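A short worksheet on the structure shown next.
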Amino acid sequence: MATEVDMDAPTLLTATEVQGQATYGMANLRSKTTGLPFVVFISQKAGARHDARVKVSDGPRVHQPDQMGSYQVRPFRHTDGPRLDPADEARLQAWADLNRDVLISYWNGQIEFTEDAIELLKPV
């Protein structure tokens, strides 16, 4: 019997799967949620030593850490991994600026649940 997969549900990756940063999960946001032509991953701070970041990928399934680009939210800048092309980077910055308060609140744990953060995010 085949199992159906809900493609609209966020996928969680553990930090050990992505750059071994801390023991927290990341939720992927599809284009319908962000308005961006790539997948954005958000997470809470947990044990991370850096400020709020988002990660980006061409698709929702990431098998190698080097497949994800990392961008700091404040101030916005590329920090690690593959860099988006300039037009997509500008789109990501516009989205991050539009959603800065939600991203920071989720990062800091003031928004506890991923679903609550997703409901508050606005697409560009």
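Residues in the sequence shown are numbered consecutively from 2, following my numbering. Every residue gets a Cβ at the ideal spot worked out from N, C-alpha and C, and that includes glycine. Just so it is clear, the structure is predicted and the values come from calculations on it, not from any experiment.
Look at the Cβ atom of residue i, then the Cβ atom of residue j, and state whether they are nearer than 8 Å.
i: Ser58; j: Gln45; result: no
i: Val55; j: Val74; result: yes
i: Arg92; j: Leu30; result: no
i: Tyr107; j: Ala118; result: yes
i: Ile105; j: Ala53; result: yes
Check the Cβ-Cβ distances between residue i and every residue of chain B, and say whether any is below 8 Å.
i: Asp98; result: Here there is only one protein chain, and chain B is not present.
Count the other CB atoms within 10 Å of the CB of residue i; is the residue buried (16 or more) or exposed (fewer)?
i: Lys33; result: exposed
i: Ala3; result: Interpretation of Ala3 is limited by its pLDDT of 43, a score under 50 that renders its predicted location unreliable; the figure taken from the coordinates is listed afterwards. Its Cβ having fewer than 16 others within 10 Å, Ala3 is exposed.
i: Thr24; result: With a pLDDT of only 36 at Thr24, under 50, the local geometry of the prediction cannot be trusted, and the value read off the model is given with reservation. With fewer than 16 other Cβ atoms within 10 Å, it is exposed.
In this structure, what does DSSP give as the bridge partners for residue i?
i: Ser71; result: Lys56, Asp81
Give me the Cα-Cα distance between residue i and residue j, rounded to the nearest whole angstrom.
i: Phe39; j: Gly48; result: 27 Å
i: Ala97; j: Gln65; result: 24 Å
i: Glu113; j: Val125; result: 24 Å
i: Pro83; j: Pro76; result: 19 Å
i: Thr80; j: Arg50; result: 14 Å
i: Ser71; j: Ile43; result: 10 Å
i: Val63; j: Val41; result: 12 Å
i: Leu85; j: Arg101; result: 19 Å
i: Glu120; j: Gly60; result: 21 Å
i: Leu109; j: Thr35; result: Note on identity: in this sequence residue 109 is Asn, with Leu being the wrong assignment. Looking at the two C-alpha atoms, the distance is approximately 20 Å.
i: Ala10; j: Ala88; result: Bear in mind that a pLDDT of 48 at Ala10, under 50, signals an unreliable position, so the number given afterwards is only what the model happens to contain. If you take the alpha carbons of Ala10 and Ala88, they lie about 28 Å apart.
i: Thr115; j: Arg78; result: 24 Å
i: Glu90; j: Gly26; result: 24 Å
Measure from the alpha carbon of residue i to the alpha carbon of each residue in the options, then state which is nearest.
i: Leu99; options: Pro61, Gln111, Leu122; result: Leu122
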